[in-house]
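Numbering (our numbering), first residue to last: 2 to 336. Heads up, the beta-carbon is just placed ideally off N, CA and C, and yes, glycines get one too. Notes follow the structure.
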Amino acid sequence: MSASAPELFSPAATDLIEQHGYSIGQPNLVAFAETLLELARANSNILAVTSDSRGSGKISGLGVELPNQIVEVGIAEQNLVGVSAGLASCGKVVYAVSPSCFLTARALEQIKNDVCYSDNPVKLIGISAGVSYGALGTTHHSLHDLSALRAINNIDIVVPADNFETQQVIRQAAERTSPIYIRFGKAPMVTLPRVQPGFQIGEASVIRDGGDVAFIATGETVVHCLLAADKLVDQGLNCRVISMHTVKPLDKDALFEAADRCQAIVTVEEHMVNGGLGEACARMLLESGRHTPFRAVGIPDEYTVTGSQSDIFRHYGISMEGLVQTATQLLERVH
Numbered sequence: 002m003s004a005s006a007p008e009l010f011s012p013a014a015t016d017l018i019e020q021h022g023y024s025i026g027q028p029n030l031v032a033f034a035e036t037l038l039e040l041a042r043a044n045s046n047i048l049a050v051t052s053d054s055r056g057s058g059k060i061s062g063l064g065v066e067l068p069n070q071i072v073e074v075g076i077a078e079q080n081l082v083g084v085s086a087g088l089a090s091c092g093k094v095v096y097a098v099s100p101s102c103f104l105t106a107r108a109l110e111q112i113k114n115d116v117c118y119s120d121n122p123v124k125l126i127g128i129s130a131g132v133s134y135g136a137l138g139t140t141h142h143s144l145h146d147l148s149a150l151r152a153i154n155n156i157d158i159v160v161p162a163d164n165f166e167t168q169q170v171i172r173q174a175a176e177r178t179s180p181i182y183i184r185f186g187k188a189p190m191v192t193l194p195r196v197q198p199g200f201q202i203g204e205a206s207v208i209r210d211g212g213d214v215a216f217i218a219t220g221e222t223v224v225h226c227l228l229a230a231d232k233l234v235d236q237g238l239n240c241r242v243i244s245m246h247t248v249k250p251l252d253k254d255a256l257f258e259a260a261d262r263c264q265a266i267v268t269v270e271e272h273m274v275n276g277g278l279g280e281a282c283a284r285m286l287l288e289s290g291r292h293t294p295f296r297a298v299g300i301p302d303e304y305t306v307t308g309s310q311s312d313i314f315r316h317y318g319i320s321m322e323g324l325v326q327t328a329t330q331l332l333e334r335v336h
């Protein structure tokens, strides 16, 4: 197990990780950079465009090995997106890399007009997303990006949950002809088990099967749901865990199957509850006529407390312990 595991999880959660033999891989940022470098070596048409983020985006190695395939625009996110759109319109395969908090706030107009409205297939890479910057606080947290981009037409949104999903989405993105936003955190990720192998953008991954509570989560919160499901076995509960890595378009079939098979649904995200995964699921369920007991876990409508990512997760109930409590209370209402 990685030495960083105790910082990410409580002692009880760490014990469960060891008990179940889950391994901890690299940060998704590293998996992204390694996959991009591998793709770029094989295809000189692939470019990384960055706004002074080659270090934090882990793409310094690409810049050293393939200096003609990286473009540095400086700390200028609007310019980053505009240049990326222009290069993509000329047939380049462009990965635009920048901290998600700045990329999706400062350059929102360029994303809407230059990328989405103009249908330029830029791969927007939001790094250090959610509360990854921890104690740097609200100015550096990205808790609006999913809701802001969900409101823009012609862009898919993917939040990988582990290194496997990261590698797959970066490879599949290279072949796409429409815009996509991919979001990564900084923490080392547990390698998740899967009920079925494979990965496809737009198709959720079932991490654990079960019929009592369905945890539907995205990104770095998925592992906390898996640990909560493992812990709830002690209460005789068998919980389903879904990695809803593609937030847009949402996998309607996976969502409806969870609603039909489980007594309750808990959505979990490293994002403000307004406009994120939970609200997307809730709207789709209500429009279908399903009224499964439901709870959305995320950051409430407030500026976050200051602390590390794990401190903030625990404060807002995104830890194993918090999710066990939420699921238990929701089932008590059902019964």
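Legend entry - Simplified DSSP state of G220, which is helix, strand or coil: Looking at G220 - three-state DSSP - the assignment turns out to be helix.
Legend entry - Neighbourhood of Q326 by C-beta, 6 Å cutoff - its chain only, sequence neighbours within 5 removed: Cβ within range, chain order: n/a, list empty.
Legend entry - Residues of its chain near Q79, where Cβ-Cβ distance is below 7 Å and the 5 sequence neighbours each way are ignored: Apart from sequence neighbours up to five positions away, the residues of its chain that approach Q79 with a beta-carbon distance below 7 Å are R107, A108 and Q111, ordered along the chain.
Inset, instruction - Have a look at K59 and V74 and give me their C-alpha separation to the nearest angstrom. - result: Those two C-alpha atoms are separated by around 16 Å.
Legend entry - Span separating the alpha-carbon of C227 from that of V335: Here residue 227 is Leu; the residue named in the question, Cys, does not match the sequence. Taking the straight line joining both Cα atoms gives about 22 Å.
Inset, instruction - Check the DSSP bridge columns for T307 and list the partner residues they point to. - result: Looking at the DSSP assignment, T307 forms no beta bridge with any residue, so it has no partner.
Legend entry - Residues that F100 bridges to, as DSSP identifies them: In the sequence as presented, Phe is not what sits at residue 100; that position holds Pro. In the DSSP assignment, P100 forms a beta bridge with I128.
Inset, instruction - Compare the C-beta of V335 against all C-beta atoms of chain B and say whether one is closer than 8 Å. - result: This model lacks chain B altogether; it includes just one protein chain.
Legend entry - Validate contact between the stretch 115 to 130 and the stretch 286 to 300 using beta carbons, cut 8 Å, 3 pairs: Contact fails: fewer than three Cβ-Cβ distances are below 8 Å.
Inset, instruction - State whether the stretch 196 to 203 contacts the stretch 140 to 147, with contact taken as three or more CB pairs (one from each stretch) at a distance under 8 Å. - result: Contact fails: fewer than three Cβ-Cβ distances are below 8 Å.
Legend entry - Range covered by the alpha helix (DSSP H) that runs through Q173: Segment N164 to A175, the alpha helix (DSSP H) holding Q173.
Inset, instruction - Work out the CA separation of P100 and G186 for me, nearest whole Å. - result: Each residue's Cα considered, the two are about 10 Å apart.
Inset, instruction - Classify G26 as helix, strand or coil using the three-state DSSP reduction. - result: Residue state, collapsed to three classes: strand.
Legend entry - For V72: DSSP bridge partner residues: In the DSSP secondary-structure assignment, V72 is bridged to V50.
Inset, instruction - Below 6 Å CB to CB, which residues in the same chain sit around Q168 once its five sequence neighbours on both sides are set aside? - result: So the list reads A32 and T36, once near-sequence residues are dropped.
Inset, instruction - Find the nearest neighbour of S85 within the set I47, L150, Q310 and F103, judged by alpha-carbon distance. - result: The shortest C-alpha separation from S85 is found at I47.
Inset, instruction - Reducing DSSP to helix, strand and coil, say where I181 ends up. - result: Three-state DSSP puts I181 in a strand.
Inset, instruction - Could you name each continuous beta strand (DSSP E) segment of 3 residues or more that falls completely within the stretch 232 to 259, going from the start of the chain to the end? - result: If we require 3 residues or more, the beta strand (DSSP E) runs fully inside the stretch 232 to 259 come out as 241 to 244 and 247 to 249.
Legend entry - Closest Cα partner of F10 within the set E221, S129, A152 and K93: It is E221.
Legend entry - Distance, R55 Cα to N44 Cα: Straight through space, the alpha carbons of R55 and N44 are spaced by roughly 20 Å.
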